[in-house]
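Notes for the one structure printed next.
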Amino acid sequence: DWVRTLEKKSADRRMGVWMALSDSPAGLQLTLTDEDGHVGSAELAGTWERAKDPAQAADKLREQLGRLGDTLFQASDIQVHLSQPWFVPASQLNALRRDAVASLEAARAAAYARPPRAVPVDPPVPYPEDTLTYLANVFNQKARDFYSKHGVKVIAAAYEAHEEEGEVSLMITKHCVRFSLSLCPKQAKGVTGVQGTVRAEPLQLINGKEKLTLRFDCKPCEMHVVGKIKRSVLNSAPESPIQFYKTRPQAHPVH
């Protein structure tokens with residue numbers, strides 16, 4: 001289900017905009033009004049020939065102006081109010097539309113009011129768990145203080161702190177080697193003569209002298225790549241200094 005969700009088309013969120021093309025003293029004016037009442041406009045100077053087919057010319061104008069592409073907007077309505085059914089080249093209409101969209105975006109940015117900062121909840125909302133392993137990636141005192149503030153009692157340091165010397169999950173993936181090799185117990189379910197014979201036993205990845213164990217957690221459909229930290233890495237300094245305190249350290253007076 002998780003993979004299928006990723007494969008679906010992403011949500012396309014756009015804002016409706018009303019477009020109006022009209023005559024102006026210099027030539028043409030395009031006005032855009034969005035759902036929030038912001039207005040942007042642009043003008044195109046020039047003279048144009050009368051279109052041979054007025055109805056077709058108006059349709060072409062609407063079609064060209066409505067091509068908002070990858071902008072934030074989608075055309076809710078397009079009105080054409082011209083004294084004559086002018087024939088306007090597509091390249092000029094595209095430039096007019098881009099300028100009007102830029103004007104509307106500038107108007108929206110100018111009118112934006114930053115919402116006030118939310119007031120912290122007191123007492124803090126409790127964290128769903130009271131114990132965190134290295135997988136929580138707590139690698140500095142501020143992170144530890146945050147979790148402690150929200151009720152976590154046991155907090156292990158991140159893997160980069162070099163405190164996990166035994167075998168641990170180095171990677172947890174949705175990609176499963178057993179599934180790729182048709183050795184998944186779920187694949188064997190319902191297959192006569194096969195069901196019950198395929199088990200999610202560990203496998204090994206071998207690359208020269210490197211060996212990593214693959215363990216399979218079939219209920220959430222996850223594969224764990226398990227290994228130990230190298231002795232050379234363990235003996236080296238952590239990526240950045242880290243020191244956890246059980247209580248807040250007292251500041252030393254300055255003499």
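For the sequence shown, the working numbering gives the first residue as 1, with consecutive numbering after it.
Here a beta-carbon is modelled for each residue, glycine too, at the ideal position from N, C-alpha and C.
The ligand ZN and residue i: does the residue's C-beta get closer than 7 Å to at least one heavy atom of that ligand?
i, result
"R108", "Absence of the ligand ZN from the depicted structure is noted, as is the absence of any ligand whatsoever, leaving it without description."
Under three-state DSSP, which class holds residue i?
i, result
"W2", "helix"
"E165", "coil"
"S91", "helix"
"L300", "No information on residue 300 is available, as it lies outside the stretch 1 to 255 that the chain covers here."
"N235", "helix"
"E7", "helix"
"L32", "strand"
"A156", "coil"
"D12", "coil"
"A109", "helix"
"A45", "strand"
"Q56", "helix"
"L212", "strand"
"R50", "strand"
Could you name the residues of the same chain whose beta carbon sits closer than 6 Å to that of residue i, not counting the 5 residues immediately before and after it, in chain order?
i, result
"H224", "S169, I172 and R215"
"R108", "H38"
"Q64", "A90 and L93"
"K246", "For K246, the predicted structure reports a pLDDT of 49, less than 50, and the residue's modelled location is therefore unreliable. A value from the coordinates is still provided. No residues qualify anywhere along the chain."
"M15", "D34, E35, L72 and F73"
"P30", "It is worth fixing the name first, because residue 30 is Leu in this sequence and not Pro. Result list for L30: L21, A42, L96 and A100, in chain order."
"G151", "P126 and Y127"
"G46", "G27"
Just how far apart, CA to CA, sit residue i and residue j?
i, j, result
"S199", "D145", "It should be pointed out that residue 199 corresponds to Arg in this sequence rather than to Ser. If I take the Cα positions, the gap works out to 43 Å."
"L104", "E43", "13 Å"
"S236", "E165", "13 Å"
"R50", "A75", "26 Å"
"D53", "A111", "42 Å"
"L212", "E222", "16 Å"
"N207", "I229", "16 Å"
"S148", "V125", "11 Å"
"Q256", "D77", "Residue coverage of the chain in this structure runs from 1 to 255, which leaves residue 256 outside it and unanswerable."
"W2", "K9", "13 Å"
"F87", "D12", "33 Å"
"P185", "V226", "21 Å"
Could you tell me which residues DSSP pairs with residue i in its beta bridges?
i, result
"A75", "V17"
"D172", "One point to set straight first is that residue 172 is Ile, not Asp, in the sequence displayed. DSSP lists H224 as partners of I172."
"S103", "Beta-bridge pairing links S103 to no other residue."
"S24", "For S24, which the question treats as bridged, DSSP gives no partner whatsoever."
"T131", "V154"
Only counting the same chain, and skipping five residues up and downstream in sequence, which positions put a Cβ closer than 8 Å to that of residue i?
i, result
"D23", "Q29, H81, L82 and S83"
Any Cβ of chain B within less than 8 Å of the Cβ of residue i?
i, result
"A156", "Considering every chain present, this structure includes no chain B. It has just one protein chain."
Sufficient close CB pairs (3 or more, under 8 Å) joining the region 82-99 to the region 19-27: yes
Inter-stretch contact at 8 Å, needing at least 3 Cβ pairs: the region 199-214 / the region 174-184: yes
Touch test, the region 128-139 against the region 152-165, Cβ-Cβ under 8 Å, three pairs minimum: yes
At least 3 beta-carbon pairs within less than 8 Å: the region 50-65 vs the region 81-89: yes
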